[in-house]
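K.L.:
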Amino acid sequence: MRATVMFGAGNVRIEAVPDARLIETTDALVVVTRAAICGSDLWPYKTMEHSETGRRMGHEAVGVVETVGADVRTLKVGDVVVMPFAYSDGTCIFCHEGLHTSCIHGGFFGAGDVNGAQAEAVRVPQADGTLVVLPAGKDDALMPSLLTLSDVMATGHHAAVAAEVGPGRTAAVVGDGAVGLCGVIAARRLGAEQIILLGRHPNRIALAREFGATDVVSERGDKAVERVRELTDGFGVHSVLECVGLEQSMLTALSIARPGGAVGRVGVPQDETMPASRPAFYNNVTVSGGPAPARAYIDELLPDVLEGRIEPGRVFDRVVRLDEVPDGYRAMNEREAIKVLIGF
Ligand SMILES: [Zn+2]
Numbered sequence: 003m004r005a006t007v008m009f010g011a012g013n014v015r016i017e018a019v020p021d022a023r024l025i026e027t028t029d030a031l032v033v034v035t036r037a038a039i040c041g042s043d044l045w046p047y048k049t050m051e052h053s054e055t056g057r058r059m060g061h062e063a064v065g066v067v068e069t070v071g072a073d074v075r076t077l078k079v080g081d082v083v084v085m086p087f088a089y090s091d092g093t094c095i096f097c098h099e100g101l102h103t104s105c106i107h108g109g110f111f112g113a114g115d116v117n118g119a120q121a122e123a124v125r126v127p128q129a130d131g132t133l134v135v136l137p138a139g140k141d142d143a144l145m146p147s148l149l150t151l152s153d154v155m156a157t158g159h160h161a162a163v164a165a166e167v168g169p170g171r172t173a174a175v176v177g178d179g180a181v182g183l184c185g186v187i188a189a190r191r192l193g194a195e196q197i198i199l200l201g202r203h204p205n206r207i208a209l210a211r212e213f214g215a216t217d218v219v220s221e222r223g224d225k226a227v228e229r230v231r232e233l234t235d236g237f238g239v240h241s242v243l244e245c246v247g248l249e250q251s252m253l254t255a256l257s258i259a260r261p262g263g264a265v266g267r268v269g270v271p272q273d274e275t276m277p278a279s280r281p282a283f284y285n286n287v288t289v290s291g292g293p294a295p296a297r298a299y300i301d302e303l304l305p306d307v308l309e310g311r312i313e314p315g316r317v318f319d320r321v322v323r324l325d326e327v328p329d330g331y332r333a334m335n336e337r338e339a340i341k342v343l344i345g346f
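Residue numbers (my numbering): 3 to 346.
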């Protein structure tokens with residue numbers, strides 16, 4: 003079969019690889035019908051050291067179950083499923099707490115010996131706990147939004163939950179990438195009365211406004227902090243969704259939280275240390291977040307997607323075939339595309 007393999011920074015290729023197959027009796031084999039390129043795939047695209055064997059990319063997919071292992075109970079051949087970016091058993095202590103990304107039998111697609119989903123097929127470990135079966139007969143128009151439940155919409159929602167967004171509260175979203183835009187959807191869905199997007203790309207800003215952003219701040223650094231304060235009676239916002247992961251974006255996030263506010267961070271931190279520790283301490287700012295337990299959130303978000311109350315699939319502004327994936331990486335890296343959908 004064909005799959006996306008990254009061999010080093012800027013070097014991603016479609017290669018012929020051995021067919022995906024069941025290994026454990028709890029596995030399912032899924033034929034991928036739609037996958038995506040993630041903002042987090044761009045970090046290795048920018049920095050990965052050369053590797054002879056390469057790394058199998060991709061962790062977002064919708065597909066059809068082709069085979070199930072002997073111990074799989076809840077899935078059957080032909081089921082249309084959405085695959086969260088982490089696999090999990092659904093039964094351990096952390097899964098019961100809704101923190102499936104910490105599952106003691108879990109892990110991430112495209113890491114270790116579990117291959118990525120930017121491929122014709124993918125082996126899904128812990129299939130019963132991991133995969134969510136979609137209702138039959140859903141039309142293709144809904145598929146991009148259903149695909150976002152794999153990662154970006156769940157991650158935007160996690161940022162909002164970690165930032166304690168709620169009715170009557172003010173929120174700011176740092177970052178106008180696909181996760182930030184989904185964070186706007188999530189903040190509105192959870193009832194924020196003011197949603198300030200920090201971003202500077204006109205097409206992304208326009209989409210954010212349609213998703214519910216009430217204000218836009220395009221300045222950076224101290225100027226951005228000043229602008230957010232002006233928009234919030236001088237205090238800053240209750241909830242900050244940090245959707246980038248750089249030192250500067252985290253510094254901005256912590257600086258625009260009002261005393262007693264919360265920062266929910268979902269951008270993978272690119273630094274070991276956190277800036278503005280002392281002001282955050284004196285302002286009693288809560289810092290929370292991490293990888294989103296997408297599997298837990300799909301149950302909550304799926305009805306809103308199926309009934310059209312939210313349309314996170316609009317973050318996809320380019321569709322490529324599998325053999326065009328390298329150009330998809332280039333387009334996202336050069337910010338020519340917000341997010342790329344891979345159709346098969
Ligand atoms: Zn578990």
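Positions of the beta carbon are idealized from the N, C-alpha and C atoms, including for glycine.
Rounded to whole angstroms, what is the Cα-Cα separation between residue 220 and residue 245?
P.N.:
Taking the straight line joining both Cα atoms gives about 15 angstroms.
K.L.:
Mind checking residue 166: buried by the 16 CB within 10 Å criterion, or exposed?
P.N.:
Per the 10 Å Cβ criterion, buried.
K.L.:
Listed by chain order, which residues have C-beta atoms less than 5 angstroms from any heavy atom of ligand 1?
P.N.:
Cβ-based neighbours of ligand 1 within the cut-off: 90, 91, 94, 97, 105.
K.L.:
Fully enclosed by the segment 164–234, which alpha helix (DSSP H) runs are 4 residues long or longer?
P.N.:
With a minimum length of 4 residues, the continuous alpha helix (DSSP H) runs that stay inside the segment 164–234 are 180–191, 204–213, 223–233.
K.L.:
Does the segment 124–138 come within contact of the segment 31–42, defined as at least 3 CB pairs closer than 8 angstroms?
P.N.:
Yes: the two stretches touch, three or more of their Cβ pairs being nearer than 8 angstroms.
K.L.:
For the alpha helix (DSSP H) containing residue 332, name the first residue and the last one.
P.N.:
327–335 is the span of the alpha helix (DSSP H), which, as asked, contains residue 332.
K.L.:
Spatial neighbours of residue 1 within its chain, please: C-beta separation below 8 angstroms, excluding the five flanking residues on both sides.
P.N.:
No answer is possible for residue 1: it lies beyond the span of the chain, which begins at 3 and ends at 346.
K.L.:
Taking only three categories from DSSP, how would you classify residue 297?
P.N.:
Here residue 297 sits in helix by DSSP.
K.L.:
If we require 3 or more residues per run, which beta strand (DSSP E) segments fall completely within the segment 4–86?
P.N.:
Listed in chain order, they are 4–10, 13–18, 30–39, 63–70, 82–85.
K.L.:
Compare the C-beta of residue 328 with all C-beta atoms of chain B and state if any pair is closer than 9 angstroms.
P.N.:
No chain B is part of this structure, which consists of one protein chain only.
K.L.:
Looking at residue 175 and residue 199, is the spacing between their C-beta atoms short of 9 angstroms?
P.N.:
Yes, these two residues count as a Cβ contact at 9 angstroms.
K.L.:
What residues are listed by DSSP as bridge partners for residue 244?
P.N.:
In the DSSP output, where bridge partners are listed per residue, residue 244 has 176, 267.
K.L.:
Kindly indicate which residue of 326, 100, 135 has the alpha-carbon position closest to the one of residue 160.
P.N.:
Of 326, 100, 135, the residue nearest in Cα terms is 100.
K.L.:
Based on DSSP bridge pairs, tell me the residues matched to residue 103.
P.N.:
Note: residue 103 sits in no beta bridge, so no partner.
K.L.:
By a C-beta neighbour count over all protein chains shown, 10 Å radius and 16 as the cutoff for buried, is residue 108 buried or exposed?
P.N.:
Buried.
K.L.:
Go ahead and label residue 267 buried or exposed: buried means 16 or more other beta carbons lie within 10 angstroms of its beta carbon, across all protein chains shown.
P.N.:
Buried is the call here.
K.L.:
Distance check for residue 248 and residue 274, CA to CA, integer angstroms please.
P.N.:
When rounded, the distance between both Cα atoms is 11 angstroms.
K.L.:
By Cβ distance, which residues of its chain are closer than 8 angstroms to residue 230, with the 5 residues on each side in sequence left out?
P.N.:
Contacts found: 174, 198, 200, 219, 238, 239, 258.
K.L.:
Checking the sheet assignment: what are the DSSP bridge partners for residue 89?
P.N.:
Answer is 109, bridged to residue 89.
K.L.:
On the DSSP bridge list, what partners appear for residue 123?
P.N.:
According to DSSP, which records beta bridges pairwise, residue 123 is partnered with 33.
K.L.:
Can you list, in chain order, the residues of its chain whose CB lies under 6 angstroms from that of residue 216, leaving out five sequence neighbours each side?
P.N.:
Same-chain partners within the cutoff: 196, 197.
K.L.:
Within a Cβ cutoff of 8 angstroms, which residues of the same chain sit near residue 4, ignoring the five residues on either side of it in sequence?
P.N.:
Answer for residue 4: 16, 17, 18, 19, 121, 122, 324, 325, listed in chain order.
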